[in-house]
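Worksheet: one structure, shown below.
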Amino acid sequence: NKLAARISYRVPEGMPVHRIDPSICSICRRNLVTDDGEKVHRLNCTHVFHDFCIRGWCIIGKKDICPCCNEKVDLKQTFTNPWDKPHILYGNLLDWVRYLVAWQPVILAVVHFLNSALGLQ
Numbered sequence: 001n002k003l004a005a006r007i008s009y010r011v012p013e014g015m016p017v018h019r020i021d022p023s024i025c026s027i028c029r030r031n032l033v034t035d036d037g038e039k040v041h042r043l044n045c046t047h048v049f050h051d052f053c054i055r056g057w058c059i060i061g062k063k064d065i066c067p068c069c070n071e072k073v074d075l076k077q078t079f080t081n082p083w084d085k086p087h088i089l090y091g092n093l094l095d096w097v098r099y100l101v102a103w104q105p106v107i108l109a110v111v112h113f114l115n116s117a118l119g120l121q
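In terms of the UniProt record's numbering, the sequence shown opens at residue 1 and continues consecutively.
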């Protein structure tokens, strides 16, 4: 049942219940207390994660919600250091670059169509 709950398969007794072990980070599945003294971060919903894991979840995953309960994560509380703000800005810049690369064929087709329709060749 534990394996079924982890990979979300249905079991004969009904839907598996996902229980969160309070000593394990739900993002990376490692112990919260480590030998190297990695910092942990407690969200407003009381779920606890490694500091690095929740930052990655919010910045790279572009999800500002708790991975366990979908409650909104207060990014200002998570990123208190002013040196962390460029990471958020850089992530937004990368989003725009990805957007332009993904839509480039459509943009070029529209520009080509407008040029030919208006006779601007």
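All C-beta atoms in this analysis are idealised placements derived from N, C-alpha and C, irrespective of residue type, glycine included. The structure presented is a predicted model; accordingly, all values stated were derived computationally and were not measured.
For R55, report the span of its alpha helix (DSSP H) as first-last. Its alpha helix (DSSP H) spans residues D51 to I59.
So for N115, helix, strand or coil by DSSP? helix
Select from D35, I60 and D74 the residue whose C-alpha is nearest the C-alpha of H41. D74
Considering only their Cβ atoms, is the gap separating V48 from P22 smaller than 8 Å? For the pair P22 and V48, the CB atoms are nearer than the 8 Å cut-off.
So, at 7 Å on beta carbons, what are the nonlocal neighbours of K63 in its own chain, with the 5 sequence-adjacent residues on each side left out? W57
From the DSSP output, in three-state form, read off I65 for me. strand
Expected contact under 8 Å - CB spacing of C45 and C28 to nearest Å: Their Cβ separation, rounded to whole angstroms, is 18 Å, which puts C45 and C28 out of contact at 8 Å.
Which residues in the same chain as K39 place their Cβ atom closer than 7 Å to its Cβ, once the five residues preceding and following it in sequence are excluded? D51
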